[in-house]
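Q: Would you mind keeping the following structure in view while I ask a few things?
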Amino acid sequence: MTKSVLLLLSIACASAQQLKLTDIQIVGSHNSYHSGISPNEMAYLRKVNPQAAEALDYRHPSLETQLNDGVRQLEIDVYADTKGGLFAHPKGPELSVKAGLPADPVFDTTGIMLKPGFKVLHVQDIDYRSNCEPFVNCLATIRIWSKAHPGHLPIFVLVENKDGKPRGEGFAVPEPITPETFDALDAEVRSVFRPNEMISPDQVRGAYKTLNEAITTDGWPTLEAARGKVIFLLDQRRVTPMYTKGHPSLEGRVFFTNAEPGTPDAAFTECNNSTSDPNLVPGLIRKGYLVRTMTDPSPAQIKANNPGRRDASIASGAQILSTDYPIHEAASSGYQVEIDHNDVRCNPVLKPTNCSASMLTEPH
């Protein structure tokens, strides 16, 4: 190999290393665990609340299938269940039988819902079937896939902690979210993933006093450093004070919070309606923030295959595009979210000069 070829290879390698993980744009799935409401319970829901039934009428394949298809952000909703059994006997089957509909097959044949630990579901008693259960099993699925595909683009796992009031008499009463809830959540992640398999807030902060200072000065790690790793994100901004309590700037924590830009823990933020202010997301990503947005319009607009909100969300440059209809999972109308006939590309707003499609490929 000649010296000139070696020099060109060296330059290409250096360019790839300089590319930040925020310099790309990926497609992710919303409620990635959602396997859909069972047929008779859906029929019941259509009778009592047609609007809710329409909004919940979607489903995703297994997490493994989604990762194989190119999805690189997964969203998982979790409910605390410290004693076990809180969601083991949902009300939905009883309601559908009372309405004169046949009972659907039992959803938990192994008794896994009786054991302590975070459970994965959308709405207690009504929309509770998941393609992975409990949370640690979802994590294990992601880790197994990751280890089998070394060098993959970073996988973002967005977690939404759920609580709230019971939805009716005899319905499950969710546990309240507390700082201890997040200690347990971090512990479950660490029980599956080793430190060198994740990118943590401590790693990104480095020697800086705050995450925000690190992000706005040096930015996120390079894409090459992030390959083969998983990054955990918290969904709801309202839980930030509980998660950061005793952990200033996310010291010792696993998750990056959905932070208000400019605050000490700010590295990741959500702008779920990026079309409301077309200048907001471009401004944030240029400062170094990782931004997630929701691409999908209303169910009616999806049925009409209206691309307006989707296309504006993609054009915003938000690095994570979350949808119920990622590539290979188009709605019946044909609506789906893809970028340049793919699920990843160089960021269209940041336009990094050292980014090319070849740099975003993954080993087979």
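Under this note's numbering, the residues of the sequence shown are numbered 693 to 1056, in order. Where is the CB? At the ideal position from N, CA and C, for every residue including glycine.
#1: Among the candidates SER883, TYR725, ASP855 and LEU982, whose CA atom is the shortest distance from the CA of ASP1016?
#2: How would you write the range of the alpha helix (DSSP H) that GLN993 sits in, first residue to last?
#3: What span of residues does the alpha helix (DSSP H) with ILE923 cover, start to end?
#4: Kindly list the residues whose CB is nearer than 6 Å to the CB of ALA780, restricted to its own chain and excluding five residues on each side of it in sequence; keep chain order.
#5: Give the range of the beta strand (DSSP E) segment to which LYS839 is assigned.
#6: From VAL1036 to TYR771, what does the alpha carbon distance come to, in whole angstroms?
#7: Using DSSP's beta-bridge definition, name the partner residues of HIS726.
#8: Taking DSSP as the reference, what is the three-state secondary structure of VAL798?
#9: Less than 8 Å between C-beta atoms, sequence neighbours within five positions excluded: which residues of the same chain meet that for ILE716?
#10: Can you tell me whether ILE836 is buried or exposed? The criterion is at least 16 other CB atoms within 10 Å of its CB, across all chains shown.
#11: Hey, out of ALA1023, TYR736, TYR900 and GLU767, whose CA is closest to SER1077's CA?
#12: Exposed or buried, PRO742, counting other C-beta atoms within 10 Å across all chains shown (16 or more means buried)?
#13: CA-CA distance, GLY920 and VAL983?
#14: Within this structure, are the beta carbons of LYS995 and SER1025 separated by less than 8 Å?
#15: In chain order, which continuous runs of the alpha helix (DSSP H) of length 4 or greater are located wholly inside the stretch 871–957?
#16: Give me the residue from GLU786, VAL815, LYS811 and SER822 with the minimum Cα distance to PHE799.
#17: State the Cα-Cα distance for the pair PRO868 and VAL931, rounded to the nearest angstrom.
A: Put simply:
#1: It is TYR725 whose Cα lies nearest to the Cα of ASP1016.
#2: Note, GLN993: alpha helix (DSSP H), 991–995.
#3: That residue, ILE923, is in no alpha helix (DSSP H); its beta strand (DSSP E) goes 922–926.
#4: Residues of the same chain with a CB within less than 6 Å of the CB of ALA780, apart from the 5 flanking positions on each side, are MET805 and LEU806 in chain order.
#5: Looking at the DSSP string, LYS839 is not in any beta strand (DSSP E); the run it does join, the alpha helix (DSSP H), is 827–840.
#6: Computed Cα separation, rounded: 31 Å.
#7: SER822
#8: coil
#9: LEU845, LEU915, GLN1011, VAL1036, ARG1037, CYS1038, ASN1039, CYS1047 and LEU1052
#10: exposed
#11: No answer is possible for residue 1077: the residues shown for the chain start at 693 and end at 1056.
#12: exposed
#13: 20 Å
#14: Cβ atoms of LYS995 and SER1025: closer than 8 Å.
#15: DSSP assignment within the stretch 871–957 yields the following whole alpha helix (DSSP H) runs of 4 residues or more, N-terminal first: 871–884, 893–897, 903–909, 915–918 and 932–936.
#16: SER822
#17: PRO868 and VAL931 have their alpha carbons spaced roughly 11 Å apart.
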